[in-house]
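Let me begin by presenting the structure, written as structure tokens, before commenting on it.
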Amino acid sequence: MRSITIAAKNAFRISVEAENISPDKLAPLTIEQIGSLFVWQGNRQKKLSDLFVVEGDDGPATVEEMTIRLVGDFSQVKRIGEGMTAGVVEVQGSVGMHAGNNMLGGLLSISGSADDWLAREMRGGKVVVMGNAGNYLGAGYRGEKCGMRGGEIEVRGSAGAYLGEHLCGGSIRILGDAGDFAGAVNQGGTIFIGGSTYLPGAEMSKGTITVKREAKVLPSFLKTEIVQIDGLAFQKYAGDNVDNGKGELLVGVGSS
Amino acid sequence: MIVKGGIVYDPANGLYGEEMDLFIDQGRMVEQAKGEEIDARGLLVMPGGVDAHSHIAGKKVNTGRIMRPDDARQGTEPRTAVCRPSTGYTVPNCYAMGYRYARMGYTTAFEAATPILEARHTHEELEEIPIIDKGALTLFGSNWQVMECVRDKDLSKLAAYVAWGLRAARGYGVKIVNPGGGEAWGFGANVKGINDPVPNFDVTPAEIIMGLAQANEMLNLPHSIHLHFNNVGKPGNYTTALETLDLLKDIKPSRMRQIVHVAHMQFSAYGGTSWRDFESKAPVIADYFNCHNHATMDMGQLLFGSATTMTADAPLEYGNARLTHNKWSNHDIELEESSGVVPMVYFRKMLVNAVQWAVGLELALLVKDPWKVLMTTDHPNGSPFVNYPEVVTLLMSKSKRDAEMATLHEQVPKRTVLGGIERELDWTDIAIMTRAAPARILGLEDKGHLGPGADGDVSIYNLRPEEVDTSQDHALVKKALANAKYTIKGGVLVSKEGRILAAPPGRTFWVDAAVPQADTDRLMIDLEEKFAKYYSIQIANYAVQDAYLPHAKVIRAGLPVPLQEVA
């Protein structure tokens, strides 16, 4: 195993784009080479070592063996773990927008909260957030027809609006609430929301959305039956019928 | 500037791979010159490429950009000391258009469809496309004034309107798209063939096409009419194509050129009665072109992958949107046209797409005379123009075609004849189809050749035509064509091995045609009324001002009458 720690030198006021911070990019490099990689801060290109302190095992290693630990304030650092295929990125704190986007494998674990667009268009691997996640979690970026296609996302807190928009596969599990329009245009993924949400599954054509507590359901969903899951009763709906959808929406009945 | 020792293909001047030096002075080809030497010893040298049909500027293109932020994410390149940032693949931003054409060795591209009402927008974008020379064809096919003149059989008034419209739009030539259909679509209908009357106008597409073709020749315009047939993109539409072509065969051309240029022929060479029995009718179409000399075409080759369809054929786009369940846009352009945009992905394993792919290649290979077929992809309808090297290598290599065929839907050999075509084009054919012929078809005298006086546009590729086997080494050819070793535009070295070295502004060609004042006076009575009653803007605000074309190049044409200022 190879483990390195990247510490933010200060709390960035101008956000940083650091798509280089991923096991795939860093595994083959020595500590010194890592420090000389480029990142963008605003419209300025800087060396990674200008903004971060890199320490730990000197390389190289395989991607699978690679663990990257991020400490300090990463809440303004974007695109962490972009396109990673294996290995581990462990964020001790909160992370900026677009973390884990286009991720193919490995583990991205965040002990704080994540900003918008976490794991957008993810295809594989696992993302765990101990705090909250922002808007467009696991969604497709502007204009894209497919968001997340595979893999697994777990958020222990709440998620923002447009959770899993254009979901094409994979599963998302939110223990808290989700914002408006969770699972919009779901085309085959699975979403579980432990709390409540508002108007889930708009324009969904396939897939399943389960809401344990309350949800305002769109009038274009057809009420079908009451089902029991793990001893709890859920009202089942079929939809979204605006576009002949064959999706499944389950909303808890009288849960505590 | 001196281009030393290249193997020069300049078919317009009878040079088919001759080793020679080329001289450029003050932006033009000359007999002798001094200055910077470019080492092209043994390398393939051709005139700068000319694209006669591409959608590079204007409202449709911009609608595509707005609709497709997903497309903008592809092909992003940061700014450099010379270049502004690039975005997009099927609908790149303006800057990227110029850089990407220049990288491939192209120095001229024409926007294929602009309504007069939106010409100002087109010119704003054209002006922002660096390096290449440009022009825009003006849409007349569903225009109320045109249809009224055709109905009244008033050819001189029609010619006066075409001249006025070209001047108002700062346009280069007459584009006709699904004639009459754009107007019918305003009522949710379409014209089904060339003899199907246009609602409320009592004219047929055939009459519109004939009228505009006659007016075009009366005005002695450098380009012929540029025609997008009725029923484009529908199974069995080859009969419409043949009927339309036959209609025009007896018109007398005013210049040494075709009577009609057919846009993206590939989309109009289909047999069958539905998508189920859809098949290629390219051999029949090619046969017609081989037996007649009044028409030319561009391929409109389709390639697999992402595209954005955009056309003034709005009902076609509505059909595309219903077919693909994709996002779509339709647009009504007042008294002139309608249009639409739909993103598209073409698949190898989808039979219809695979047959379409074969049809384009069949057309280019079965028409014997390369002067009659231009290599295009109808950018971005069939594929983005950056994929031209792919099309060229398909035309030059039977083995590449066979390898591609093997990856397609298994029914393709039954629905097409491509597998049986042995012909492989050579560099002379390619130089004609991408340089000499488009320039001649457009009537651009200083483009597409390297004779003295021609524009100093030269492309030099990292290929040794005397050594490379284009039939087998297609991967090498494709790579070399994608990034020219040198692209020279107007005597300036603009691109070297894919790197843009300079980005001077290009010129915009437009045609100013003279007509008798009396005809214009009669026309203006009609137009004043239309603007007062129907248009959303005043006639005084309609025409594009010269301020929008700071690099204009005006080409004079018109009737042999004493030149008079036309209002």
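Line by line, the protein sequences are chains A and B. If you read the first sequence in the working numbering, its first letter stands for residue 32, the second for the next number, and so on. If you read the second sequence in the working numbering, its first letter stands for residue 1107, the second for the next number, and so on. Ideal Cβ placement from N, Cα and C applies to all residues, glycine included.
Cβ of residue i within 9 Å of any chain B Cβ
i: A:Lys176; result: yes
i: A:Tyr193; result: no
i: A:Tyr172; result: yes
i: A:Val284; result: no
i: A:Ser287; result: Bear in mind that a pLDDT of 45 at A:Ser287, under 50, signals an unreliable position, so the model cannot answer this.
Cβ shell of residue i (< 7 Å), same chain only, five flanking positions each side left out
i: A:Asp88; result: Arg33, Ser34, Ile35
i: B:Ala1266; result: Val1621, Asp1625, Thr1626, Leu1629
i: A:Thr116; result: Asp55, Val94, Leu135, Gly136, Gly137
i: B:Glu1137; result: Phe1129, Pro1558
Closer than 9 Å to chain A by CB, residue i
i: B:Asp1176; result: yes
i: B:Arg1075; result: Chain B is shown only over 1107 to 1673; residue 1075 of chain B falls outside these bounds and no answer can be derived.
i: B:Met1450; result: no
i: B:Met1481; result: no
i: B:Arg1179; result: yes
i: B:Met1456; result: no
i: B:Met1173; result: yes
Beta-carbon contacts of residue i that lie in its chain and below 8 Å, excluding the five residues immediately before and after
i: B:Arg1147; result: Lys1110, Gly1111, Gly1112
i: B:Gly1231; result: For clarity, residue 1231 of chain B is Glu in the given sequence; the question names Gly instead. The answer, listed in chain order, is Ile1162, Ala1163, Gly1164, Val1167, Asn1168, Cys1200.
i: B:Arg1546; result: Ala1118, Arg1363, Trp1477, Gly1554
i: B:Leu1681; result: Outside the modelled stretch of chain B, which goes from 1107 to 1673, sits residue 1681 of chain B, for which no answer is possible.
i: B:Phe1384; result: Pro1341, Tyr1376, Gly1377, Gly1378, Leu1457, Val1458, Val1461, Arg1521
i: A:Ile257; result: Ala264, Phe265, Gln266, Lys267, Val284
i: B:Tyr1648; result: Ile1222, Leu1223, Ala1274, Phe1637, Tyr1641
Counted within 10 angstroms of its Cβ, other Cβ atoms place residue i as buried (16 or more) or exposed
i: A:Leu281; result: buried
i: B:Asn1493; result: buried
i: B:Leu1669; result: For B:Leu1669, the predicted structure reports a pLDDT of 49, less than 50, and the residue's modelled location is therefore unreliable. A value from the coordinates is still provided. So B:Leu1669 ends up on the exposed side.
i: B:Asn1306; result: exposed
i: B:Gly1120; result: exposed
i: A:Gly262; result: exposed
i: B:Pro1666; result: exposed
i: B:Thr1346; result: buried
i: B:Val1252; result: buried
i: A:Pro231; result: buried
Neighbourhood of residue i by C-beta distance below 6 Å, restricted to the same chain and skipping five residues each side
i: A:Ser144; result: Ser125, Gly162, Asn163
i: B:Leu1353; result: Ala1312
i: A:Ile62; result: Val85, Asp89
i: A:Leu101; result: Ile37, Val122
i: B:Ser1412; result: Thr1196, Val1451
i: B:Ile1527; result: Leu1471
i: A:Thr228; result: Ala209, Ala213, Val242, Ala246
i: B:Pro1285; result: Gly1247, Pro1311, Ile1314, Ile1315
Residue i - containing beta strand (DSSP E), residue span
i: B:Met1416; result: 1411 to 1417
i: A:Leu280; result: 278 to 283
i: B:Asn1306; result: Segment: none, B:Asn1306 is in no beta strand (DSSP E) and carries neither H nor E.
i: A:Val158; result: 157 to 160
i: B:Phe1395; result: From DSSP, B:Phe1395 is part of no beta strand (DSSP E) but of the alpha helix (DSSP H) over 1388 to 1397.
i: B:Ile1238; result: Where B:Ile1238 is concerned, there is no enclosing beta strand (DSSP E), given that its DSSP letter is neither H nor E.
i: B:Pro1153; result: 1150 to 1153
Bounding residues of the alpha helix (DSSP H) (the contiguous stretch that carries residue i)
i: B:Gln1623; result: 1623 to 1639
i: B:Gln1320; result: 1311 to 1324
i: B:Val1511; result: Per the sequence shown, the amino acid found at residue 1511 of chain B is Met instead of Val. Here the alpha helix (DSSP H) through B:Met1511 covers 1504 to 1511.
i: B:Tyr1207; result: 1200 to 1209
i: B:Met1405; result: Segment: none, B:Met1405 is in no alpha helix (DSSP H) and carries neither H nor E.
i: A:Leu54; result: Sequence check: residue 54 of chain A is Pro here, not Leu. 54 to 57 is the span of the alpha helix (DSSP H), which, as asked, contains A:Pro54.
i: B:Gly1466; result: 1457 to 1472
i: B:Arg1285; result: The residue asked about is misnamed: residue 1285 of chain B is Pro in this sequence, not Arg. Looking at the DSSP string, B:Pro1285 is not in any alpha helix (DSSP H), and its letter there is neither H nor E.
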